Each structure stands twice: as structure tokens, then as C-alpha cells.
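These protein sequences, in sequence, are chains Z and D. Here the first sequence is numbered in the numbering used here, starting from 1 and rising by one per residue. Here the second sequence is numbered in the numbering used here, starting from 411 and rising by one per residue. Comments concern the structure below.
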Amino acid sequence: MKSVVKQEVLALNGDEAVAFAAKQSDVDVVAAYPITPQTIIVERFSEYVANGEVETEFVCTESEHSALTACLAASVTGARTFTASASAGLALMHEMLFVTSGCRAPVVMAIANRALSAPLNIHGDHSDTMTERDSGWIQIYVENAQEAYDSVIQAFRIAENTDVLLPVIVGLDGFTLSHTLENVHVLSDDAVKRFVGTRKFINVTNHEGKTVPFKLDPNNPTSMGPIALPNYYFEFKRQQEEAMKNALKVIQDVNKEYAAISGRSYGDGLVDAYHVEDAEVAIVCLGSTAGTVKAVVDELRAEGVKAGLLRIRTFRPLPVERIVDTLKNVKAVAVMDRSMSFGGNGGPVFHEVRHALYDAEKHPYIVNYIYGLGGRDTSPMQVRKIYEDLQKILRTKRVETRVQHLGLRE
Amino acid sequence: MRVTAKEKSWKEISPAGVCWKASTQFLTGDWKTYKPVRDLEKCTRCLLCVLFCPDGAIHWKPEKGDIEFDYNFCKGCGICANECPAKAIEMKLE
Chain Z
1 MKSVVKQEVL ALNGDEAVAF AAKQSDVDVV AAYPITPQTI IVERFSEYVA
51 NGEVETEFVC TESEHSALTA CLAASVTGAR TFTASASAGL ALMHEMLFVT
101 SGCRAPVVMA IANRALSAPL NIHGDHSDTM TERDSGWIQI YVENAQEAYD
151 SVIQAFRIAE NTDVLLPVIV GLDGFTLSHT LENVHVLSDD AVKRFVGTRK
201 FINVTNHEGK TVPFKLDPNN PTSMGPIALP NYYFEFKRQQ EEAMKNALKV
251 IQDVNKEYAA ISGRSYGDGL VDAYHVEDAE VAIVCLGSTA GTVKAVVDEL
301 RAEGVKAGLL RIRTFRPLPV ERIVDTLKNV KAVAVMDRSM SFGGNGGPVF
351 HEVRHALYDA EKHPYIVNYI YGLGGRDTSP MQVRKIYEDL QKILRTKRVE
401 TRVQHLGLRE
Chain D
411 MRVTAKEKSW KEISPAGVCW KASTQFLTGD WKTYKPVRDL EKCTRCLLCV
461 LFCPDGAIHW KPEKGDIEFD YNFCKGCGIC ANECPAKAIE MKLE
């Protein structure tokens, strides 16, 4: 693809790519607490602060709950705010995730996806962010370090869009992406600064009946999120749902606009389809696994198998129409889940995709593979086995096991 | 809590629970089950109830030389009745 602006190639791991993107995005406040495998993000950023490379206020907190609380407080005053976490750290933020989305604070948070204890495990899976699926945050899952860099920059534009005003999680697979060095094309500081721009504010009516910008400002006092009883709480939640719907369009627009300056886009920003148009069998997955699946799709295509991949990039808001449309000609689908919904008849991504397809005209066979928990490797051979299973389903017209565990010792 | 059609729709309100009225206009007194009723004979106007009321819903009116319950904000907690040394306040079912 043709790059519109001059770019530099840096050797960065996923965490460093995220920190670099945050550095270029003109962030006013970072409040964070270290946790593996996210620590490098905060470490790098604190170096930028110490070296005077950024004008960011860096707040060291005593816990993740406080880190997100500080970010929320800064964000509602109008500051551009960034933080990062993972696993137990994200779980400790749980309460404040809802307060942040409810206060419509456009905080951007990178999550180096990691398993949850017990038993303790520091490696990658999606248990942490899937647990926060319904917290009102936009969720974007990236495939590689390049996309982590690009997505953090885009996330500020999405979060701060006045039709959205929702916090955004950018999820990158722990270790697989967070700690793996890649060549990352980076834009110039100026190009990023121009792209993210400055925060704009909608007007609201305050308690004195005055029209004021939607931010905490001593000269124009407002109060945010103090209390809403049964007569109003529901209405505020409906507004958040509408903001999520608006985000579907904004994410696509931002993806397009970013492509224009960088030469890089990720599908339509919502889903990234790979050889799905004429595919008979397809895998649906999130994150870095898509890289492995693409390589297997290439092999299978060379062998004459009509295999495809649908990577869901934006999991919240769920791009239902795009999922249905992209899979419309596929005859058998395997959904890969890197987390468990214990007792839930499959993983969360399976639930969502199967649910989306309920209203589709044609219903493909659909099966679920739970995989890669606690950082377990998923090999191309295992992915190949999934496609073989799908082809067998088409031959026999029968699903033997709806939900399977990939790479588990039985 | 009563929800009436007169309330604003989700399209008409500011986001994030931003208050569009002063707190004095949000009448929170309709939570209560019991309301304080005073025996004027027994009351010594010691004003302890005014000090103890956690909601500031009992006002001293110097022009009347007497106190007044503000039922728009009284939650019916009964602290005033409990603290009244003259046992002049009774909590009555609304």
C-alpha cells in the first residue's frame, strides 16, 4: 500500500508500540499501576515523562482501582487520558469501568490480555476483557504490534468523538504481542498530533439552567453522575447504548481516515475478512490468532480448499450486520474462543456470533473451539484440524461435538 | 418511586447524569414511610432535632420562634424522634 506520509520503521514489541502511540497522541494525563504483561507500556511511558519527551502528568497510584479513578477524574475535566492494565488489574478496576463509561469519559486503555487466577498464570488469553464485555467500554482486539500502535491512535479519535464519548479498550494478546519484537511503521509526531486533534465538547444544561461545555470546570460548574433514581437511571443507560451504535460508524470512518494518511487499514475497522467471499468453511476469531489462521488459509487455498477467516476487530460494539453479511455464503463456521464462559454452552465469542446468525437468511453449521487458555500455544496444525473438522461436517451433514477444547489433553 | 410520562425522555437529557436542576428542586422526601409529627405542648424548642437531622430538613424559623419540618426533603429516618429529650416527636405512618 502507498504511504501518504513519510514513516519510520522501528523495532518495537506490542507494549512499546502502544507506549509510542500514546506518546505521540498528545496525552495530558496517564495514571497507571504496573502488571505483567502490560508493565512495559507504563515503564516506557514513565521514561518519556522522565526524559521530558512529553508534557503528560504521570500519576503513580497504589492500585488499578485508583489508577482508573484518577484517569476518570482527569478525563472529565477535559484532559486526554490514557492507562494500561491486564488480568487481575483490570478485574480490580471493574467498578470504575462502569463509572467511567457511565460518566461518558473517553479514557483509552491498552490491555495486554492475560489469564485470571487461580491458578496464577501471567500468560495470554482473553478472560480479562471478556469479563468486562458489558462494562460499556468499546473493545478493539488487535492482530499484531503494528495494529496495536495504529489502534491506540485511532482509539482517541473514536472515544472523543462527540457522537460516541465512550472509553475504549485496545486489547493485545499478552506476550504473543506485548513482548514480541516486530517492525512497526510509525508516523511522525506531527502527523499523529494532527490526526488526533484536540478534544471537542458538547454542550449540556447545568443545574443553574445555563448551557455549558460537558466537562468539570470551576467557572462553569456541573455535576456528573451523582445519582439517578428509578425515574432516570434507565434513560442514561439507553444513551450509552445509542453511543455504542454511533461508534459502529465512527470506527469505520476513523479506520478510513487513518488509512488515508498511513496506508494501513484493518478491514472496515469492525471486521477483517480474509478470503471469506467464496469460502465454504471459515474460522471466526479475535486478536493475534488471526495471523496463524491466515497462514493456514493460504496453505489450504493452495491445496484447493475454500477456506476463509473472519477476524472480529471490534467486539464492542458488536458489528452484527457485518458479521452476518460477511458469513452469508459460508457453509460451516468454527468460532475460536480464548476464554471460557463456565457453564455457558461455549465461549463468549461463540455466543455472540451464533446469536448474530440467528436472524441470517441461511444458517451455517457452527461449532466452537476453546483454545489457548493461560498462554497455551495454538499451532498451524491445530488450526488445520479445525478446517478439516468443518469439511467433515459438510461431508456428513452432522455436528458431532458443538463445543471442543483445542490442544487440551483429554 | 413514581415514574410519570411528564419526565424527560432519554433523547432530551444531558449525558452522564448531569443535573439540569438545582438540588433544591429534586424533592427527595417521597422515600419516607413514617413522618415526624410534633406535639406542640411537649416541645421545649431546644432545637436538638434541628442539629441532629442528617438531611437539614428541620428549619428554625426565628420570625415564628418555632421550628418547621420540611417534608419535601425529610426521609423519615426518625433520628429527631429518637433524640428529642421531651419525647415531643412521634413517627406516624404516612
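We put the CB at the ideal spot given by N, CA and C, even for glycine. Everything numeric in this text was worked out from a predicted model, so none of it was measured.
Proximity below 8 Å, CB of residue i to CB of residue j
| i | j | result |
| --- | --- | --- |
| L309/Z | R338/Z | no |
| A19/Z | I41/Z | yes |
| V333/Z | L327/Z | yes |
| R199/Z | G78/Z | yes |
| V276/Z | V383/Z | no |
| V168/Z | V108/Z | yes |
| D134/Z | A91/Z | no |
| K23/Z | E55/Z | no |
| G375/Z | A115/Z | yes |
| C429/D | S223/Z | yes |
| V170/Z | L10/Z | no |
| T176/Z | S288/Z | yes |
| L406/Z | Y365/Z | no |
| N255/Z | S262/Z | no |
| L172/Z | P106/Z | no |
Neighbour list for residue i in chain Z, Cβ cutoff strictly below 7 Å
| i | result |
| --- | --- |
| W470/D | None at all; the shortest Cβ gap to chain Z is about 26 Å. |
Residue burial classification, residue i (beta-carbon count within 10 angstroms, cutoff 16)
| i | result |
| --- | --- |
| Y274/Z | buried |
| M1/Z | Annotation note: pLDDT 48 at M1/Z (below 50); position unreliable, no value reported. |
| I499/D | buried |
| A260/Z | exposed |
| L125/Z | A small fix is needed here, since residue 125/Z is Asp in this sequence, not Leu. D125/Z comes out buried. |
| G209/Z | exposed |
| D189/Z | exposed |
| G269/Z | buried |
| N161/Z | buried |
| R194/Z | exposed |
| G344/Z | exposed |
| W441/D | exposed |
| R409/Z | exposed |
| H469/D | exposed |
| V30/Z | buried |
| L450/D | exposed |
| Y33/Z | buried |
| H363/Z | exposed |
| P230/Z | exposed |
| S87/Z | buried |
Residue i - DSSP class collapsed to helix/strand/coil
| i | result |
| --- | --- |
| Y365/Z | strand |
| I386/Z | helix |
| N255/Z | helix |
| C285/Z | strand |
| A279/Z | coil |
| L310/Z | strand |
| W420/D | coil |
| R199/Z | coil |
| V192/Z | helix |
| V142/Z | coil |
| R114/Z | coil |
| E8/Z | strand |
| V250/Z | helix |
| E47/Z | helix |
| I40/Z | helix |
| N161/Z | coil |
| M1/Z | Here the model assigns M1/Z a pLDDT of 48, short of 50, so the residue's position is not dependable and the matter cannot be decided. |
| E57/Z | strand |
| W441/D | helix |
| Y274/Z | strand |
| I499/D | strand |
The ligand NAP heavy atom lying under 7 Å from the CB of residue i
| i | result |
| --- | --- |
| A50/Z | Among the components modelled here there is no ligand, and therefore nothing to report on the ligand NAP. |
Chain D contact residues for residue i, given Cβ-Cβ distances below 9 Å
| i | result |
| --- | --- |
| R80/Z | What R80/Z touches in chain D: nothing, since even the nearest Cβ is about 18 Å away. |
Partner residues on chain Z for residue i, Cβ-Cβ distance less than 9 Å
| i | result |
| --- | --- |
| G427/D | G102, C103, S223, M224, G225, P226, I227, A228, Y232, Y233 and F236 |
| E417/D | N231, Y232 and E235 |
Listed by chain order, chain D residues near residue i by CB distance under 8 Å
| i | result |
| --- | --- |
| E208/Z | A432 |
| V168/Z | Near V168/Z there are no residues of chain D at all, since even the closest Cβ is about 17 Å away, more than 8 Å. |
| T205/Z | S424, V428 and W430 |
| L216/Z | Residues of chain D passing the Cβ test: none, with the nearest at roughly 10 Å. |
Cβ separation of residue i and residue j, assumed to be a contact under 8 Å, to the nearest whole Å
| i | j | result |
| --- | --- | --- |
| R455/D | D480/D | Their Cβ separation, rounded to whole angstroms, is 17 Å, which puts R455/D and D480/D out of contact at 8 Å. |
| A356/Z | V320/Z | 5 Å |
| Q154/Z | A84/Z | Contact doesn't hold; Cβ gap of about 16 Å is too wide. |
Residues that residue i contacts on chain Z, provided the C-beta gap is smaller than 8 Å
| i | result |
| --- | --- |
| I402/D | What is shown of chain D runs 411 to 504, which leaves residue 402/D out entirely. |
Listed by chain order, chain D residues near residue i by CB distance under 7 Å
| i | result |
| --- | --- |
| L165/Z | P425 |
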